[in-house]
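The block underneath contains the structure these notes are about, expressed in structure tokens.
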Amino acid sequence: MAHQVEHGSVADGSATQGSVDQSGTDAALAELAEFRDGRTRAVVGPRGNLALVNNQWITGDPAVGQPIWGVPGLWAPLPAGVSGLSLTATASDGIIVDGDVVDGSVLVAGLDAMQPSGIRFSETLTGTVIAGEDGGYGLRVWDAASEGIRDFGRIDAFPFDPEWVVEATFTPISGRGEVSIAHLQDEGRTRQRALPGEITFTRDGIDYNLVAFEDGPSLLLVFADATNGVSTYSVGRFLRVSPEGDGTIRLDFNRTYLPPCAFSYNFNCPIAPAQNRLAIPIEAGERMVLAADGTPLHD
Numbered sequence: 001m002a003h004q005v006e007h008g009s010v011a012d013g014s015a016t017q018g019s020v021d022q023s024g025t026d027a028a029l030a031e032l033a034e035f036r037d038g039r040t041r042a043v044v045g046p047r048g049n050l051a052l053v054n055n056q057w058i059t060g061d062p063a064v065g066q067p068i069w070g071v072p073g074l075w076a077p078l079p080a081g082v083s084g085l086s087l088t089a090t091a092s093d094g095i096i097v098d099g100d101v102v103d104g105s106v107l108v109a110g111l112d113a114m115q116p117s118g119i120r121f122s123e124t125l126t127g128t129v130i131a132g133e134d135g136g137y138g139l140r141v142w143d144a145a146s147e148g149i150r151d152f153g154r155i156d157a158f159p160f161d162p163e164w165v166v167e168a169t170f171t172p173i174s175g176r177g178e179v180s181i182a183h184l185q186d187e188g189r190t191r192q193r194a195l196p197g198e199i200t201f202t203r204d205g206i207d208y209n210l211v212a213f214e215d216g217p218s219l220l221l222v223f224a225d226a227t228n229g230v231s232t233y234s235v236g237r238f239l240r241v242s243p244e245g246d247g248t249i250r251l252d253f254n255r256t257y258l259p260p261c262a263f264s265y266n267f268n269c270p271i272a273p274a275q276n277r278l279a280i281p282i283e284a285g286e287r288m289v290l291a292a293d294g295t296p297l298h299d
């Protein structure tokens with residue numbers, strides 16, 4: 001059930017329930033402001049969401065190098081089981097890998113390696129080699145002076161609403177559950193994600209059962225609702241959650257945030273599974289990315 005703010009008065013020098021609740025709301029507002037400031041700083045960073053200008057997978061014959069749009073050099077896959085990509089370039093290309101100018105062929109280690117390689121193409125362009133779920137590798141190119149960063153205005157968001165801080169129940173799934181997740185650029189193919197349990201909450205007398213999959217130290221809830229394509233980004237939104245030991249889990253939808261693909265089309269974002277597509281409007285959290293002129297940066 002959502003928390004409600006009760007307003008009261010102060011008498012006999014003691015705080016009423018209303019003033020206690022107002023103090024809690026003030027603290028929640030301050031924490032949310034800090035969260036949103038952090039989000040803004042992150043997305044405009046040298047490797048923030050707005051900085052990604054290319055994401056290209058390298059496949060095919062390891063003996064044949066492939067060009068990557070926007071950066072010099074020829075890139076090729078490595079033998080199975082070896083992290084990263086092979087890069088062939090000349091000193092005149094000006095590519096620096098792990099502090100050295102590349103003049104010939106070098107191994108560029110992926111982010112899944114013990115020591116991932118650092119890649120710099122220019123003062124503003126850098127790169128990271130990422131691993132795919134199929135065992136392949138690709139290059140992400142980041143531009144600290146990208147068009148997205150240049151045009152960015154702000155992340156538009158709904159005002160804080162205590163009604164959307166929801167106490168829910170987390171029910172573990174015995175054994176190892178899985179959920180099929182589609183991604184925007186996967187042409188209908190799905191990926192299996194570990195599903196530790198279901199999340200249940202009640203809103204206006206209706207029970208909702210959601211699934212959140214494992215993603216690092218927390219769970220990632222990918223959901224869609226009736227605001228998508230109307231007042232929020234059309235694809236959906238994210239919320240990170242962590243169940244407590246007693247089976248409770250707090251869904252603070254005020255901390256709902258936009259997926260990376262809302263900032264750059266080079267991200268391949270997950271799509272909300274059918275179970276997480278809600279018919280109700282969740283008017284809380286981030287809404288959309290706006291350009292400096294106030295227009296949506298992406299649909």
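Here UniProt numbering is used: the first residue of the sequence shown is 1, the next is one more, and so on. Where a beta carbon is used, it is the ideal one built from N, C-alpha and C, also for glycine.
As assigned by DSSP and simplified to three states, the class of residue i
i: residue 155; result: strand
i: residue 10; result: At residue 10, the pLDDT of 29 sits below 50, so the modelled position is not reliable; the number obtained from the coordinates is stated separately. Of the three classes helix, strand and coil, the one that applies to residue 10 here is coil, per DSSP.
i: residue 77; result: strand
i: residue 116; result: coil
i: residue 276; result: helix
i: residue 266; result: coil
i: residue 24; result: helix
i: residue 87; result: strand
i: residue 231; result: coil
i: residue 252; result: strand
i: residue 146; result: coil
i: residue 64; result: coil
i: residue 82; result: coil
Limits of the unbroken beta strand (DSSP E) element including residue i
i: residue 215; result: 213–215
i: residue 105; result: 104–108
i: residue 218; result: 218–223
i: residue 58; result: 52–58
i: residue 134; result: Note, residue 134: premise wrong, no beta strand (DSSP E); not H, not E.
i: residue 296; result: Here residue 296 belongs to no beta strand (DSSP E), and DSSP marks it neither H nor E.
i: residue 196; result: 190–203
i: residue 286; result: 286–291
Reference residue i, options the options, closest by Cα
i: residue 179; options: 164, 197, 169 and 163; result: 197
i: residue 235; options: 263, 81 and 121; result: 263
i: residue 75; options: 123, 87 and 41; result: 87
i: residue 187; options: 268, 72 and 273; result: 268
CB of residue i within 8 angstroms of CB of residue j, strictly
i: residue 77; j: residue 58; result: yes
i: residue 84; j: residue 109; result: yes
i: residue 168; j: residue 249; result: yes
i: residue 32; j: residue 148; result: no
i: residue 53; j: residue 142; result: yes
i: residue 227; j: residue 283; result: yes
i: residue 153; j: residue 60; result: no
i: residue 160; j: residue 29; result: yes
i: residue 257; j: residue 39; result: yes
i: residue 42; j: residue 151; result: no
Environment of residue i [buried if 16+ CB atoms lie within 10 Å]
i: residue 209; result: exposed
i: residue 67; result: exposed
i: residue 286; result: buried
i: residue 266; result: buried
i: residue 114; result: exposed
i: residue 6; result: Unreliable placement is indicated for residue 6, whose pLDDT of 31 sits below 50; the coordinate value is still reported in the next sentence. Residue 6 comes out exposed.
i: residue 35; result: exposed
i: residue 229; result: exposed
i: residue 132; result: exposed
i: residue 331; result: Since the displayed the chain opens at 1 and closes at 299, residue 331 lies outside it and no answer follows.
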